[in-house]
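Numbering (our numbering), first residue to last: 12 to 215.
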């Protein structure tokens, strides 16, 4: 009888140890699952907090007392954007800068005559680089600006029409080097591993 009781206690102890081991293993598995889920959630929160969204904005509002056409890139996202490349197309052709674009779309020629020599209220055409620039969240980066002047009325009016026909293709990355290709008009840009090289980048 003593041997039977001892064997029974040993068997019971083994079952208890097995149950405790199984419970410990289950707790460890649940803890790991929770940790992985928390890590993924944290990554998603960080990614969301650093997600950029570049869009293009164009207007012909008055600035400094005169109508002015502007082209700007706006970061409507939550994080800074590293603008790697920008392509601008008009009627099927890609342009490398403002001068060739304005010359072909609008017949624009740089100011060379005396028409506005006495006008000090504003300046002529101004451009800004859009190649390898950082646009912070909520920031606007103006890359082309043309105020209406006595010497550019015809070109200004043509640009005011052409600005609605321009097509854009940009590639930009977050601070964590997550990259997207965008038309600068869509809310869901295409995610890519890295920004591809472009044949005709718009430099200024």
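No residue lacks a Cβ here, since even glycine has one placed at the ideal position from N, Cα and C.
These figures come from a predicted structure and were not determined experimentally.
Using the C-alpha atoms, what's the distance from residue j back to residue i?
{"i": "residue 121", "j": "residue 140", "result": "19 angstroms"}
{"i": "residue 161", "j": "residue 116", "result": "19 angstroms"}
{"i": "residue 199", "j": "residue 30", "result": "51 angstroms"}
{"i": "residue 79", "j": "residue 68", "result": "13 angstroms"}
{"i": "residue 38", "j": "residue 24", "result": "21 angstroms"}
{"i": "residue 166", "j": "residue 114", "result": "9 angstroms"}
{"i": "residue 187", "j": "residue 32", "result": "42 angstroms"}
{"i": "residue 58", "j": "residue 185", "result": "In this prediction, residue 58 has a pLDDT of 49, which is less than 50 and means its spatial position is unreliable; nothing more can be read from the coordinates."}
{"i": "residue 194", "j": "residue 201", "result": "9 angstroms"}
{"i": "residue 110", "j": "residue 74", "result": "22 angstroms"}
Which class does residue i belong to by DSSP, given the choice of helix, strand or coil?
{"i": "residue 114", "result": "helix"}
{"i": "residue 177", "result": "coil"}
{"i": "residue 165", "result": "helix"}
{"i": "residue 192", "result": "strand"}
{"i": "residue 210", "result": "coil"}
{"i": "residue 30", "result": "helix"}
{"i": "residue 65", "result": "strand"}
{"i": "residue 146", "result": "strand"}
{"i": "residue 205", "result": "coil"}
{"i": "residue 35", "result": "helix"}
{"i": "residue 109", "result": "helix"}
{"i": "residue 40", "result": "helix"}
Out of the options, point me to the one whose CA is closest to residue i's CA.
{"i": "residue 153", "options": "106, 26, 211, 86", "result": "86"}
{"i": "residue 158", "options": "149, 168, 151, 150", "result": "168"}
{"i": "residue 196", "options": "185, 176, 144", "result": "176"}
{"i": "residue 151", "options": "91, 73, 113, 61", "result": "91"}
{"i": "residue 77", "options": "183, 64, 164", "result": "164"}
{"i": "residue 210", "options": "64, 62, 98, 61", "result": "98"}
{"i": "residue 88", "options": "148, 184, 174", "result": "148"}
{"i": "residue 173", "options": "82, 183, 206", "result": "82"}
{"i": "residue 93", "options": "194, 74, 201, 62", "result": "62"}
Grab me the residues of residue i's own chain with a C-beta within less than 6 angstroms of its C-beta, minus the 5 sequence neighbours each way, in chain order.
{"i": "residue 137", "result": "156"}
{"i": "residue 203", "result": "190, 192"}
{"i": "residue 100", "result": "178"}
Kindly give me the distance between the Cβ atoms of residue i and residue j, rounded to whole angstroms, as I take these residues to be in contact under 8 angstroms.
{"i": "residue 213", "j": "residue 106", "result": "6 angstroms"}
{"i": "residue 103", "j": "residue 215", "result": "Going by Cβ atoms, the distance from residue 103 to residue 215 rounds to 22 angstroms, so no, they are not a contact pair."}
{"i": "residue 65", "j": "residue 181", "result": "6 angstroms"}
{"i": "residue 146", "j": "residue 84", "result": "6 angstroms"}
Between which residues of its own chain and residue i is the CB-CB distance below 8 angstroms, once the five residues before and five after are set aside?
{"i": "residue 171", "result": "71, 80"}
Under 7 angstroms Cβ to Cβ from residue i, same chain only, skipping five residues before and after it: list those, please.
{"i": "residue 205", "result": "190"}
{"i": "residue 95", "result": "143, 182, 183, 184, 206"}
{"i": "residue 35", "result": "none"}
{"i": "residue 53", "result": "Residue confidence for residue 53 is low, a pLDDT of 45 falling below 50, so the modelled location carries little weight; the figure read from the coordinates is stated next. If we look at residue 53 and ignore the five residues flanking it on each side, it has no Cβ neighbours."}
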